[in-house]
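See below for the structure under consideration.
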Amino acid sequence: MSNNINMSVEIAGVRLKNPVLAASGTFGFGREYSEYFDLSLLGGISVKGLTLKPRKGNPPPRIAETPSGILNSVGLQNPGVHYFIENEIPFLRKYDTAIIANASGNTVEEYEQMVEILSDADIDAIELNLSCPNVKEGCMSFGSTAEGIVNVVKRVKKYAKKPLIVKLTPNVTDIVEIAKAAEDSGADALSLINTLLGMAIDAKTRKPILKNITGGLSGPAIKPVALRMVYQVAQNVKIPVIGMGGISNGTDAVEFLLAGASAVMVGTAGLVNPYAWIETVKGIEEYMKETNISDVKELIGGLII
Amino acid sequence: MNLIERVRKAERLSSDIYLIRIESERISSSASAGQFVNIKCPGPEVYLRRPISICSIDRSEKTIDIVFQVRGKGTRLLSDIKAGDTLDILGPLGRGFTICPEHKNILVAGGGIGIFPLLQVLKDHPAERKTALLGFRNKSAVVMEDEFNKYSTDLKIATDDGSYGIQGFVTALLQNAISEDRPDMVYICGPAIMMEQCVKLLKEKDIPCEVSMEQRMGCGMGACLVCACKTRSGSDWDYSHVCKDGPVFSGDRIIFESE
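Those protein sequence lines, which keep their order, are chains A and B.
For the first sequence, my numbering gives the first residue as 1, with consecutive numbering after it.
For the second sequence, my numbering gives the first residue as 306, with consecutive numbering after it.
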């Protein structure tokens, strides 16, 4: 299939065999989906959001179905960064795919420690989660202002020995200002968008469906917003952008590449279709064949205005 | 993996309960009692799959039966399925009921739509004595009585309003049953409050039990972590996940909401 087609891209010095990655929080540490397809078919995997210590996460219900999407309020349930390093990296390294460690903290000090610890681990890049909307401290509270971004990114950069990808929240007034702040503070790449803060109510019971009351909206419903933000950011930064938000197939992925993304992440679609990731890879290849494009990099920023 | 399977039979069992028989060698050959399937509803109207427990497995005919209540858009779409249609199905998923061949005397206790995953326990279990206690809202809600009668040695039905069987809850049936005779193992599925009370009754008598839990689900295979369920973990507690760690848990592991 990919005989005369070059699918590889590079993000901050990390070579990806193709531009499709699994988005953090939808793919665990890959074990579940490895029963459905060969993880080596993916460009990379951004693992479930990690914290210094194990986190229990938020009380259920943690999911609500919405038109063409879902709201979630998992709240970073994870076994902690040390467990990840000991137990999950050896499993993931059996596959030929880039490992991106998604890292969160309650305080700037915790972000520093996370980056320091992960810099010595056998991973390819760190994705700094400054955008989870479901926790009280850290994350989106740091990532929703330019000052907050500058403060965290500048401080963790000193400890970073791996490429630093900063994951941005869309819950801001000016995404370009936030993206530039991250770039100026030393981010090697950006990933966007995290989920949009939302809410669902059951009119029958008059109660919020999520126990956490609010949650993060993802899925096809947010694709136009994500596409717009990726486009605006890519126009205004020099570092590579990883686009995500509602990508379900190759055509969606191509749209993000055209908007300026150098790679894409697929997440929520995989909850419905466990083959969404590899179908997206195949879909991009098919698009390239049909349009006579031999190198996927030709698509990046190829939007015709 | 091909996820598309053909529907052999679709039947309405009561005003809002439907049975779908699905031809699937993949699922029927590996499924066990208490596991579930995650089904894509036809059309673009609903986004997520719908997790539905397996009611019955016919390994020689290579079919499984799912039985569900119409509760929302997704189950309404599934209720329109006809014989000959195809469905996109993931499964079998999750951890089912534990069947210990040494147990000679078992009991299943089901409430409402919780009765369905218990049928296959009765079908698969080699025990000599198999008691089935089923609770329903009223007479018109009683379904699958013949099937439960066929695979149990003793069937008792209770309805909330007394319009059929004994008046009262399935917990009252359980209290009576265990005061007369001590089962080796009890399998429970129903509303959370009913399961909690059953577990409490059985704990007093030190009778082991398993419960099948329910929670709003995402991927159905343990990756997205949304279907959390509070469980004991040593002296502490943790959130387990209904789709992968369950849906069946040992009764003593669950921390029910009122605790």
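The C-beta atom is built at its ideal place from N, Cα and C for all residues, glycine as well.
Discussion item. So for B/Glu-316, helix, strand or coil by DSSP?
Written reply: The DSSP-derived three-state label of B/Glu-316 is strand.
Worksheet item: How should B/Ala-388 be labelled, buried or exposed, when 16 other C-beta atoms within 10 angstroms of its C-beta is the threshold for buried?
Response: So B/Ala-388 ends up on the exposed side.
Item to complete: Would you be able to state if there are at least three C-beta pairs under 8 Å between the region 325-334 of chain B and the region 366-379 of chain B?
Response: Judged by Cβ distances under 8 Å, the region 366-379 of chain B makes contact with the region 325-334 of chain B, as three or more pairs qualify.
Fill in: is_contact[A/Glu-32, chain B] using C-beta, thresh 8 Å
A/Glu-32 counts as touching chain B.
Worksheet item: Using the C-alpha atoms, what's the distance from B/Ser-384 back to B/Lys-444?
Response: Rounded to whole angstroms, B/Lys-444 to B/Ser-384 spans 22 Å at the Cα level.
Practice prompt. Can you give me the Cβ contacts of A/Asn-4 inside the same chain, cut-off strictly under 7 Å, excluding the 5 residues immediately before and after it?
Written response: Excluding residues up to 5 positions away in sequence, Ser-294 lie with their Cβ nearer than 7 Å to the Cβ of A/Asn-4 in the same chain.
Worksheet item: What whole-angstrom Cβ distance do A/Lys-223 and A/Gly-246 have, given they're in contact under 8 Å?
Response: A/Lys-223 to A/Gly-246, Cβ: 3 Å. Contact.
Worksheet entry | Beta-carbon separation (whole angstroms), A/Pro-163 vs A/Val-14, contact threshold 8 Å | Indeed, because the Cβ distance is near 6 Å, the residues count as touching under 8 Å.
Fill in: As assigned by DSSP and simplified to three states, the class of B/Tyr-323
DSSP, reduced to helix, strand and coil, places B/Tyr-323 within a strand of the structure shown.
Discussion item. If you follow the beta strand (DSSP E) that A/Glu-11 is in, where does it begin and where does it stop?
Written reply: Sequence inspection shows Ile at residue 11 of chain A; the Glu mentioned does not correspond to that position. Counting along the chain, A/Ile-11 sits inside the beta strand (DSSP E) bounded by residues 9-11.
Worksheet entry | Under 7 Å from the C-beta of B/Tyr-352: neighbouring residues of chain A | Ordered by position in chain A, the residues that pass the 7 Å Cβ test against B/Tyr-352 are Glu-65, Ser-68, Gly-69, Ile-70, Gly-219, Val-272.
Worksheet entry | Collapsed DSSP secondary structure at B/Pro-356 in the structure displayed | Here DSSP, grouped into helix, strand and coil, assigns B/Pro-356 to strand.
Worksheet item: Which residues in the same chain as B/Pro-406 place their Cβ atom closer than 8 Å to its Cβ, once the five residues preceding and following it in sequence are excluded?
Response: Closer than 8 Å at the Cβ level, and outside the excluded window around B/Pro-406, lie Pro-431.
Worksheet item: Counting only runs that start and end within the region 191-258 of chain A, where is the beta strand (DSSP E) found for 3 or more residues in a row?
Response: Here the runs fully enclosed are 196-199, 214-218, 241-244.
Discussion item. Taking only three categories from DSSP, how would you classify A/His-82?
Written reply: Reduced to three states, the DSSP call for A/His-82 is helix.
Discussion item. Less than 8 Å between the beta carbons of B/Tyr-492 and B/Glu-515, yes or no?
Written reply: One thing to note: B/Tyr-492 has its Cβ within 8 Å of the Cβ of B/Glu-515.
Worksheet item: Whose C-alpha, out of B/Asn-307, B/Asn-410, B/Pro-496, B/Gly-348, is nearest the C-alpha of B/Thr-633?
Response: Residue 633 of chain B lies beyond the stretch modelled for chain B, which goes from 306 to 564, so this question has no answer here.
Worksheet entry | Start-to-end residues for the alpha helix (DSSP H) that takes in B/Thr-436 | Careful: B/Thr-436 lies outside any alpha helix (DSSP H), inside the beta strand (DSSP E) at 434-441.
Fill in: A/Pro-220 beta carbon less than 8 Å from that of A/Ala-189
8 Å or more divides the Cβ of A/Ala-189 from the Cβ of A/Pro-220.
Worksheet entry | Residue burial classification, A/Met-1 (beta-carbon count within 10 angstroms, cutoff 16) | Because the pLDDT at A/Met-1 is just 47, under 50, the model does not fix this residue reliably, and the point stays unresolved.
Discussion item. Looking at the ligand SAH, does it come within less than 7 Å of B/Ser-538, judged from the CB to the closest heavy atom?
Written reply: Here there are no bound small molecules, and the ligand SAH is not part of this structure.
Worksheet item: In this structure, does DSSP put A/Arg-15 in helix, strand or coil?
Response: Here DSSP, grouped into helix, strand and coil, assigns A/Arg-15 to strand.
Worksheet item: Can you tell me whether DSSP reads A/Val-156 as helix, strand or coil?
Response: For A/Val-156, the secondary structure class from DSSP, reduced to helix, strand or coil, is helix.
Worksheet entry | the region 416-425 of chain B contacting the region 444-454 of chain B, beta-carbon criterion three pairs below 8 Å | By the Cβ rule, the region 416-425 of chain B counts as touching the region 444-454 of chain B, because three or more pairs are nearer than 8 Å.
Worksheet item: Taking Cβ positions only, does A/Met-1 come closer than 8 Å to chain B?
Response: Residue confidence for A/Met-1 is low, a pLDDT of 47 falling below 50, so the modelled location carries little weight; the figure read from the coordinates is stated next. Chain B, which has no Cβ nearer than 8 Å to the Cβ of A/Met-1, makes this no.
Item to complete: Hey, could you find the ends of the alpha helix (DSSP H) B/Asp-370 is sitting in?
Response: Annotation for B/Asp-370: no alpha helix (DSSP H) segment contains it, though the beta strand (DSSP E) segment containing it runs 368-374.
Practice prompt. Ignore the nearest five residues each way along the sequence and tell me which others in A/Ala-98's own chain have a CB closer than 6 Å to its CB.
Written response: Within the same chain, A/Ala-98 has close Cβ partners Val-14, Leu-16, Gly-44, Asp-124.
Practice prompt. State the Cα-Cα distance for the pair A/Leu-118 and A/His-82, rounded to the nearest angstrom.
Written response: Near 9 Å, if we compare the C-alpha coordinates of A/His-82 and A/Leu-118.
Practice prompt. For A/Glu-10, count neighbouring C-beta atoms within 10 Å of its own C-beta (all shown protein chains included) and say buried if the count is 16 or more, exposed if not.
Written response: Counting Cβ neighbours within 10 Å, A/Glu-10 comes out exposed, since fewer than 16 surround it.
Worksheet item: Which one or two residues does DSSP pair with B/Arg-311 in a beta bridge?
Response: Answer is B/Glu-328, B/Thr-391.
Worksheet item: Do the region 145-161 of chain A and the region 203-217 of chain A meet, that is, are 3 or more Cβ pairs less than 8 Å apart?
Response: Result no; under three Cβ-Cβ pairs closer than 8 Å.
Worksheet item: Which residues mark the beginning and the end of the alpha helix (DSSP H) in which B/Thr-280 is found?
Response: Look at the range of chain B in this structure, 306 to 564, and you will see that residue 280 of chain B is not part of it.
Discussion item. Here's the rule: buried if 16 or more other CB atoms are within 10 angstroms of the residue's CB, otherwise exposed. What is A/Thr-280?
Written reply: Buried, because 16 or more other Cβ atoms sit within 10 Å of the Cβ of A/Thr-280.
Worksheet item: Exposed or buried, what is A/Gln-77 when buried is set at 16 or more other beta-carbons lying within 10 Å of its beta-carbon?
Response: Its Cβ being crowded by 16 or more others within 10 Å, A/Gln-77 is buried.
Discussion item. When you compare the CB of A/Val-74 with every CB in chain B, is at least one pair closer than 8 Å?
Written reply: True, the Cβ-Cβ gap to chain B drops below 8 Å.
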